[in-house]
Amino acid sequence: MSQDEKLTTSARTGIGRRSFINTAAIASLAGVVACTEKPGNAAAPAAPAPTAGGHDAGNGTHLKPGELDTYYGLWSGGHNGDMRVLGLPSGREIHRIPCFVPDALVGWGITNESKKVMGTKADGSLKYTVGDTHHTHASYKDGNYDGRYAFINDKINARIARIRLDYFVCDKITELPNVQGFHGIFPDKADPVDPKINYTTRVFCGGEFAIPVPNTGTDDGSKYRSLFSCVDAESMEVRWQVMIDGNCDLVATSYDGKLAATNQYNVENGVHYEDMMSAERDACLFFNVARIEQAVKDGKFKTYGDSKVPVVDGSHDANKDPKTALTAYVTVPKNPHGVNASPDAKYFICAGKLSPTGTVIELAKVLDWFDGKLEKLDSAIVAEVELGLGPLHTAFDGRGNAYTTLFLDSQVVKWNVEAAIKFHAGDKSAKYVVDRLDVQYQPGHLNASQSETRAADGKYLAVGCKFSKDRFLPVGPLHPENEQLIDISGEKMVLLADHPVRGEPHDFIIFKRDLVRPKQVYTLEEFPLAIKDPKESGVFRNGKKVTVKLTSQAPAFSMREFKLKKGDEVTLILTNLDKVEDLSHGIAIPKYNVQFVVNPLETASVNFVADKPGVFWLYCTNFCHALHLEMRTRMVVEA
Ligand code: CUK
Ligand code: CUA
Ligand code: CA
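Written as C-alpha cells, this is what we have:
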C-alpha cells in the first residue's frame, strides 16, 4: 500500500485513531525477535513460535516457507455450511470441513457415507442442501480443549454437527425437534453431579425463534415458544429440552458444569423488531443443569408433537421458588448479544448490543440464589459499565482483561473486569477501559487464543469484521468479510493483519496446535464395506442389483474395466489401499454426476442407476502420481 493510499484509508476511518495504530505498530518493532533460521529441511515439523509483539517483515504474521503455525483456528463457515480450519498467526486457510452442505471437493453429499451423516429423504436424496453455521466450539477436559470433538450449529434447519478432531471430519448431525433458528451452542466443561466427569458430555443449544410447539399449521401467536436443548456429546441424541419464556441466543457454560446460560433479546415475545426492542431490559437466562436432569428422571416433563424428547417447564411462573427453580432470569439491558464465560471461572459477561454496556454476572451469586441464599437474583450483577456503541461479543486474555467488539463504533474495547466491578460498586476512580482499537469494519465475533479455557494465554485476538469496504481489491458488489488479527500481548492492542474470508463468518476458537493430534491415515477396520485386498474386486450381481468393488493404489484402480447392463442399480465401493499420508485418490464418473475422494485407507461408496449406455472412463481426480492422468478404469454400460 502506498503512502497515499494509506492516507486515503486514514481519512475514511478517522485520522486520529489510525495514526495511533501506526505508532503502536512501529513501537512494537523495537522488540523484533529474529526469526529462527532452520538449517536444511524446509518441511521440518517444529516451527519456531513467532513471538507476538516482535514482528518479522513488519507484521508478525509472515511464516517462512515450510514454517508451521503455532495455533489452530476453527472457524464457522457461515452460509457455506462448513467449518474452516485456519493456521494462526499466518491466517492461512488449511482445510474446510463440509458439514451441512454438499462439497464437490471430497464428494460430501455424494457418497453414501456422507449422505448418511447429512440425512436423506425416503428416495435417498439429501434432506437439506443449505446450512448456516454460526458457532463453533470444541470439547473440554479439565477446563481446556481435549482434541476429541468440535461442534457447530446450522441455524437454518436447526441441526448440530459433530466433527471428529482426529480426522477433521463431520461424523454426526442431529436435528433438534420443535426448534427454529437454532443459534448458540456451547459444550459443558464438567458434570454438575459427578466430579469424576471433568470433561464434555453435553452440548447446549439455544433456539432463537419462537414458534408454535408443535408447529403444525395453527398460527396462534400467543403460544409461540422457544426451547433450550441439551444434546449428548457421545450419542448426539437430544437428552432434554427446556421450554422457556422469551428466546435464546448465544450460550455459555460454567467450568463446574452447574450452570448454562443464554442471553435473551426478545423477552417481549415480539414478532416485529419494534416489539422485540420495546422493553428496556431483557435477560440472561440461567439453567440449573443438575435440577433439570433430576426433573427429567422424576418424570416431570411433557413431550410435543412427534418428538419423544422430554421437555421441562422453564417458564417464569413455574420457577418462582429458588429452592426448586430450574431456571433463573437475570435482567440485563436492552437486546443483549453475546454471553461469554471468563477464564477465571467466576463471571459471565453479557454484551448490551442496543445498550452501550457490558454486564458482569457473578456465577457464585447465581448459585447462591438457587440455594436460597441470595434474596434478589439481580444482585448477581456485579458490574454494568459503559463500553461503547453496539457491544456484541467478548473475549479474554487470562490476565483479567475482557475484549468486547463494538459493532457501531467499529472498535474493540479492552477493559479490566475487576476494575469495572469496583467502578460499579461506587469507586469512580477505577479506570476500567484500558485501550480501544479501530477495526475495519463493524466487528461481530472476536476471540482470543485459548480465550474460553482456563489456559487463556492472551497472545492473539481475531476479529470477524462484517464489512471490509476498502480493505481489499474491489471484486464487484459482494465484498469479502475481513478477519483481522490483533496482537494482545502488550498493554495496547496492535493490529497485525487483514484476511479476506468468504461470508458469513461468525464465531471461532483459537487453540494451541499441540492440543490436537490428527491421524494421517484411516484404518480399514473403520469401514464396514472396506475391500481389504485388490483380489476381492469385481462386479457382483444379484438380479438388477449390482455391487462393484474397486480399490485404488497409485497409479491404478484394481479393475481396468468392468461391465454393467442398462438399468442396473449399482453400488460402487472404492477402498484406497495406499497407506501413505496425503496419498488420496478421487474418482469421477462422467455423465453420472459422481466425484468423490478416498483418503489413505478410506472406503467410500455411491449408488447410481446405470441408465446411460456407453463407454465411460472413470478417472482419478486427485493428482497422485506421475501416471495420474493414466489412472483410469473403463465402465461399459451395455444397452
Ligand atoms: S451471532 Cu454472528 S456476530 Cu450468530 Cu454469534 Cu454475533
Ligand atoms: Cu490416483 Cu490420481
Ligand atoms: Ca428486547
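First residue of the sequence shown? That's 2 in this note's numbering, and the numbers climb one at a time after it. Glycine residues also receive a C-beta, built at the ideal position from the N, C-alpha and C atoms.
Just verifying my parser: in three-state terms, what is the DSSP assignment at residue i?
i: M636; result: strand
i: V34; result: Because V34 carries a pLDDT of 29, less than 50, the predicted location of this residue cannot be relied on, and the following value inherits that uncertainty. Coil, per DSSP.
i: R292; result: helix
i: S452; result: coil
i: D276; result: helix
i: R518; result: coil
i: A381; result: helix
i: S308; result: coil
i: N320; result: helix
i: L393; result: strand
i: S411; result: coil
i: M84; result: strand
i: F507; result: Residue identity differs from the one stated: residue 507 is His in this sequence, not Phe. Coil, per DSSP.
i: G17; result: The pLDDT assigned to G17 is 34, lower than 50, so where the model puts this residue is not dependable; a value taken from the coordinates is nonetheless given after this. If DSSP states are grouped into helix, strand and coil, G17 belongs with the helices.
i: L497; result: strand
i: A162; result: strand
i: P99; result: strand
i: Y620; result: strand
i: L565; result: strand
i: I153; result: strand
i: A365; result: helix
Closest by CA to residue i, which one among the options?
i: V434; options: R149, V440, G427, W416; result: W416
i: V312; options: V610, N320, K303; result: K303
i: F152; options: D233, N216, L375, E209; result: D233
i: Y576; options: R97, V86, T112; result: According to the sequence provided, residue 576 is Thr. The question's Tyr does not apply to it. Looking at the Cα atoms, T112 is the closest of the given residues.
i: S450; options: T62, E68, G61, P90; result: P90
i: L251; options: L375, T395, D124, G61; result: T395
i: M494; options: D569, L551, L462; result: L462
i: V297; options: S230, R282, F558; result: S230
i: E209; options: T217, Y442, S227; result: S227
i: K592; options: G61, V638, L378, A261; result: V638
Once the 5 residues before and after residue i are set aside, which same chain residues still bring their CB inside 6 Å of it?
i: S356; result: P334, K335
i: S380; result: none
i: A431; result: A420, K423, F424
i: A640; result: K567, P614
i: K301; result: none
i: R97; result: D83, R85
i: H317; result: D246
i: V383; result: V361, E363, I422
i: A162; result: C100, I153, C171, I174
i: H507; result: S77, H135, H446
Is it buried or exposed for residue i, if we count other Cβ within 10 angstroms and need 16 for buried?
i: E235; result: exposed
i: W618; result: exposed
i: A211; result: buried
i: R542; result: exposed
i: T263; result: buried
i: K224; result: exposed
i: R633; result: buried
i: T254; result: buried
i: K197; result: exposed
i: P103; result: buried
i: K116; result: buried
i: Q521; result: exposed
i: L87; result: buried
Could you name the residues of the same chain whose beta carbon sits closer than 7 Å to that of residue i, not counting the 5 residues immediately before and after it, in chain order?
i: E505; result: G79, H80, E482
i: N623; result: S585, H586, G587, V598
i: Q412; result: G389, R437, L438, D439, V440
i: V386; result: T358, G359, A421, F424, H425, Y433
i: H629; result: P556, C621
i: N270; result: A211, Y225, G247
i: S559; result: P535, S538, L551, T552
i: Q443; result: F408, S411, C466, K467, F468
Would you please state the rounded distance, in angstroms, between the beta carbons of residue i and residue j? I believe it to be under 8 Å.
i: K259; j: P188; result: Not a contact, Cβ separation roughly 15 Å.
i: D612; j: K567; result: 7 Å
i: T175; j: V239; result: 7 Å
i: P601; j: Y523; result: 6 Å
i: F183; j: T134; result: F183 to T134, Cβ: 11 Å. No contact.
i: F287; j: P519; result: Going by Cβ atoms, the distance from F287 to P519 rounds to 36 Å, so no, they are not a contact pair.
i: V131; j: N179; result: That belief does not hold up - the Cβ atoms of V131 and N179 are roughly 20 Å apart, past 8 Å.
i: G641; j: I489; result: Missing from the structure shown is residue 641; the chain here goes from 2 to 640 and no further.
i: A284; j: Y348; result: Not quite, the Cβ-Cβ distance comes to about 17 Å (not below 8 Å), so this is no contact.
Is it the case that the CB of residue i approaches a heavy atom of ligand 5 more closely than 6 Å?
i: P478; result: What this structure holds is ligand 1, ligand 2 and ligand 3, not ligand 5.
Quick one: residues in its chain with C-beta nearer than 8 Å to the C-beta of residue i, no 5 flanking neighbours on either side, listed in chain order?
i: A627; result: P556
i: Y256; result: G144, K190, A191, A342, A346, R455
i: V581; result: V522, P601
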